[in-house]
Structure formats: C-alpha cells, structure tokens
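Let me begin by presenting the structure, written as structure tokens, before commenting on it.
In this note's numbering, the protein residues as written are 34 to 412.
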C-alpha cells in the first residue's frame, strides 16, 4: 500500500473509533474514552457500571496527540483529557491516575479504583511529552511540567526502587504477603518509553528500568518460551527468579499464558526497534514472528486469543480477536522479510467492522494502524 492509502485507512477508522468511544462528559470541557460506550461487556477486573479506566485514558491521550495532523479538534480533546486526569488522581500521588471510574464519574470503590495501574500512568506521561513537542507548553496546560510530574510519580510508586522493574501499580505494597510487589505485567514492558523518560527527565535510573525489563524478557525466553519467544501476562518472583505466574494469580486462569495482557507486548517492544533500532527488541521479536507464522501457516484467521508459552492454544483461544492480530502486525513490521505476513495481518484487521469488536480490540487496532503507518513518534 502507498502512504496515502495507509493514511486514508487510518483516518477512516479513526473517525469511526472517535464517534463510538470518545465521550465528552463528567464535567465541562472533560473528555474520556468510554470503554462501555459500544454496549459490550468490559473485562479486566473492572467494577460494574465502569465508564473508563486509566489504561483507556492513556490510549486516548496518545491517540489524540498522534492524530493531531488529521484532526483540528485534537488539542481541545487532549486538554479535556488532561482535565479529566486531574479530576481523578490516585490516592497515593496526584501525579498518577485512579484506575477505574464508574457511572456518576466517581472512582470504583469496589475494586480500589482510586489506586493506580502502571500502564495508564506510563502512557499518560508519554502523551504529555508528545503534546509538548506538538504544541509547546505556553497554553492552558504546561505539558512538559505535567509530564515530568507524572514521570517522577511513576518512578516513586510504580517502579521497584531497588531492582528497577515495573510494578503493576501503586497498590502492591498494601498487600500483606507481598507477592504482588515482586510482579510485573508484560504489557507494561514499554522499553521505548523508559528511554524517552531518561532523556527528557534527566533521571538516568530510567535506563536501569529499561535494562531490567530486557533482562526479564530474556530470562523468560531462555527458560520458559525458548521455542516461541512468547511472554506471559504476569511475571512473578522478581527480581531473582523470574517465572510466569500461576493460574488465577490475579486476573484468571491464563495469568501465566500469552493472553489478553501480553497481547500488547509485541507492540510495546517493536516500537523500541522502529524508533531507535534497539537490537534487544529485534532479538526478542524475531523468533516470535517466526513462530507465529509457523503456528498459523501465515493465516491470521488461525490466530488464537491465548497461547501457553509452549505454543499450545490456551483456554480462551476461539475468538480470533483483532487485539491479537493488530499487535502482531506491529511486530511483523520490524523486518522487510515479514512483508507478506504483514500484508495479511493488515488486510485482516482492516476488513473487520468496528461493530464486530469491543473497546479493547478496536483501540489496539487503531494504535497498531498509527504505528504501522509511520505516525508513532518520539517526543
């Protein structure tokens, strides 16, 4: 496809996504991503009547600033999302976002909705840095100052102080047995973010976060996924003996499998290669790309939604969600030799209607299209 064709496909889907999921509400001039706006069930341990989560808010802020060249209203939306973020601070630190809001716009008390989730915080910080690059910081919002505040809060609450791995949220120290404090989520392996945070904040410890993340990835591949290079949703026993989580560790039976969290791992790592040519990213994804082509025979419709690290389809393998297809498309884009596979993945996700998928699948599809079409940026 030509760049013009890629851009047309991207903008067409963006307009559809925006019309369904971007919500103006919870106060004047506020915007958020409505995770239940399509009427479909919301998972991920959220409370009943959930309207949004910090993960979605981070995605929305990224999408708004990255699509600014296509949408003249992007800055209005972005600033409205910053206001919503300010309205919902985590109880631990105003630099972090409370992870779950429900109808009425309050935090979800049933699931400790006023605590943070690392992925949302990380994307919010990155989006603010992008906004500073795009629009400068002399307007209503000082994007750079806000970004540095969020980065410092993440470093204090979401990163292990001694071993530098990404924790799953600010709440883990409140758990009596401490098992969650030694856990990381593979969808939080945002290695490109960490390099940017080091460069923009002047805090070199973010390079240690990046290095530790790559070390965890390498340890899991060497011992548990030598033939597939897959990552589990959760990695436990950090830092000394990383291993996949046991079933029902936190979210469900597939906590130790390549499932709905780990689906984002190929995208997060691929970006580090696409932007900076990081050899560790290539080493992580090249064998994964080769395995998935063999496992599916090059047919995206045969992708399972969950795999054991051995490569066997897991217990939630039947939907063929665009969430998995789209993230693997980004991974495929790192090597020209994958062009036929990438073309198949792009064609597969492009032909799916927005009504056929949910918030999660549609949003990851849009983020994948932004990345593959060359519109993902470094601040």
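For glycine and all other residues, C-beta sits at the position ideal for the given N, C-alpha and C.
- Taking all protein chains in view, the Cβ of residue 103 is surrounded by fewer than 16 other Cβ atoms within 10 Å, so the residue is classified as exposed.
- Cα atoms of residue 336 and residue 376: separation of roughly 15 angstroms, rounded to the nearest angstrom.
- Nearest Cα to residue 221 within the set 232, 310, 242, 327: 242.
- Residue burial is scored here from C-beta neighbours: residue 61 has fewer than 16 other C-beta atoms within 10 angstroms and is therefore classed as exposed.
- In the structure shown, the three-state DSSP call for residue 205 is helix.
- Taking 7 angstroms as the cut-off, the beta carbon of residue 154 is found closer than this to the beta carbon of residue 187.
- Here DSSP, grouped into helix, strand and coil, assigns residue 84 to strand.
- Between the region 279–293 and the region 225–234, the count of C-beta pairs closer than 8 angstroms stays below three; the two stretches do not touch.
- Annotation: the continuous alpha helix (DSSP H) that includes residue 321 extends over 312–329.
- Between residue 341 and the set 296, 306, 160, 105, the nearest pair of CA atoms involves 296.
- In this chain, residue 263 is not harboured by any alpha helix (DSSP H), its DSSP state being neither H nor E.
- DSSP lists 56 as the beta-bridge partner residues of residue 65.
- Note that the C-beta distance between residue 198 and residue 217 is below 7 angstroms.
- Around the C-beta of residue 259, fewer than 16 other C-beta atoms lie within 10 Å, and the residue is accordingly described as exposed.
- Per DSSP, reduced to three states, the secondary structure at residue 223 is coil, with no helix or strand assignment.
- DSSP places residue 275 outside both helix and strand once states are collapsed to three, so it counts as coil.
- Among the bridge pairs identified by DSSP, residue 250 is matched with none.
- Within the same chain, Cβ atoms closer than 7 angstroms to the Cβ of residue 40 are found at 406, the five residues on either side in sequence being excluded.
- By the neighbour-count definition (other C-beta atoms within 10 Å, threshold 16), residue 82 is an exposed residue.
- The residue among 399, 411, 408, 409 with its C-alpha nearest the C-alpha of residue 49 is 399.
- Taking every protein chain shown into account, the CB of residue 327 has fewer than 16 other CB atoms within 10 angstroms, so this residue is exposed.
- Of the other Cβ atoms in all chains shown, 16 or more fall within 10 Å of the Cβ of residue 63; this residue is therefore buried.
- Inclusion of residue 322 and residue 348 in the CB contact set at 7 angstroms is not warranted, their separation being larger than that value.
- Separation of residue 274 and residue 152 (C-alpha to C-alpha, rounded to the nearest whole angstrom) is 23 angstroms.
- DSSP places residue 178 inside the alpha helix (DSSP H), whose first and last residues are 176–190.
- No Cβ-Cβ contact shorter than 7 angstroms links residue 80 with residue 150.
- Counted as a single uninterrupted DSSP element, the alpha helix (DSSP H) harbouring residue 305 occupies residues 298–309.
- With fewer than 16 other Cβ atoms inside 10 Å of its own Cβ, residue 373 counts as exposed.
- In the displayed model, residue 237 falls within coil according to three-state DSSP, outside both helix and strand.
- Annotation for residue 120: no residue places its beta carbon closer than 6 angstroms to its own, counting only its chain and skipping 5 residues before and after.
- The residue from 397, 390, 90 with its alpha-carbon nearest to that of residue 73 is 390.
- Taking the Cα positions, residue 325 is about 8 angstroms away from residue 331.
- Sequence-distant Cβ neighbours of residue 75 in its own chain, meaning closer than 6 angstroms and more than five residues away, are 68, 69, 83.
- Spatial neighbours of residue 246 in its own chain (CB-CB distance under 6 angstroms, excluding positions within 5 residues in sequence) are listed in chain order as 222, 224.
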